[in-house]
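Everything on this sheet refers to the single structure shown next.
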Amino acid sequence: MATFLTPALIQHAHELIDANENLEGFVPGEGSLTPKLVLVSEAPGAKEAELSHGFQGPAGTELNDWLALLGLTRDEIYMTGAVRARPFTEKNGRKRDRRPTQAELKAFAPLLDHELAALPAGTLLVPLGNTGLQRLLGNKMKITQVHGELMKMPILTFHAAVEKFRPSVRTYSLFPLFHPSYVRRFPSKRSLVEDDLKMLKTFL
């Protein structure tokens, strides 16, 4: 598995993680450098942080089923995310996953921006769930409203000088999907996802 990340960006990520006591593990983006599609998720969970690879737990099993439906393997895609370490809270000695903060999304933005800018033209981005979607298209976007739609538009990139996300010059193709873990929590949504995957297959 290859990564678009440079040694300097990987070092930057490790420094961010070491400085934040509520982040653990490092999961780089990985996969094909000429991918059929790019998955953009939220952040690693416990199993991913432990193994340093994306989609290793129950959501990974679900994702494998999705890829089988699409006729793809992990070697043919690229997997990345908004934040590259597991965000957690701790209570009574137990760690629980949490959503990344806006500060964490900004801190890890240079990694995702670099990867997506390095993609071959026309590569399809597949944001998974609200966090992946909103990192790329802004907080007004809701996965329940745009899942299964093919969109072509600029994505948000972080400008450190002004501490803000701004639209990219480049236009990207996007096809948002629910996150695999969402379907495991809400099995009633499975038929919706299967319809979305059938539509996605026609675009590949």
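If you count the sequence shown from 1, position 178 lands on 178 in UniProt numbering, and the numbers rise without skipping.
Every residue, glycine too, gets a C-beta built ideally from N, C-alpha and C.
With a contact defined as Cβ atoms closer than 8 Å, Leu204 and Leu70 qualify at about 7 Å. Secondary-structure assignment with DSSP links His159 through a beta bridge to Lys164. The straight-line gap separating the alpha-carbon atoms of Arg170 and Met141 is approximately 19 Å. Just so you know, the alpha carbons of Gln102 and Glu163 end up roughly 11 Å apart. Taking a contact as a CB-CB distance under 8 Å, the pair Ala13 and Phe108 counts as one, their CB atoms being some 7 Å apart. Judged by their CB atoms, Glu104 and Val126 are not nearer to each other than the 7 Å cut-off. Between Pro7 and Gly25, the gap from beta carbon to beta carbon reaches 7 Å or more. Comparing alpha-carbon positions, the option among Pro180, Asp196, Lys201 lying closest to Phe55 turns out to be Pro180. Comparing alpha carbon positions, the residue from Phe4, Leu112, Gly31, Lys95 closest to Gly132 is Leu112. Residue state for Ser173 is assigned as strand, using DSSP reduced to three classes. Met79 sits in a strand when the DSSP states are folded into three classes.
The alpha carbon of Pro28 has as its nearest neighbour, out of Lys36, Ala19, Glu48, Asn22, the alpha carbon of Glu48. DSSP lists Tyr78, Leu125 as the bridge partner or partners of Val38. In this structure, Phe158 and Pro110 form a Cβ contact; the two beta carbons are roughly 7 Å apart against a cut-off of 8 Å. Counting along the chain, no beta strand (DSSP E) covers Phe108; the unbroken alpha helix (DSSP H) around it starts and ends at 102-118. Within the DSSP secondary-structure output, Ala68 pairs in no beta bridge. Annotated as distal: Leu137 and Ser173, with beta-carbon spacing of 7 Å or more. Excluding sequence positions up to five before and after Phe186, its CB lies less than 7 Å from no other CB in the same chain. In the DSSP assignment, Glu90 falls within the unbroken beta strand (DSSP E) covering 86-91.
For Arg96, the enclosing beta strand (DSSP E) stretches over residues 94-97. Residue pairing for Glu24: DSSP places it in a beta bridge opposite Arg86.
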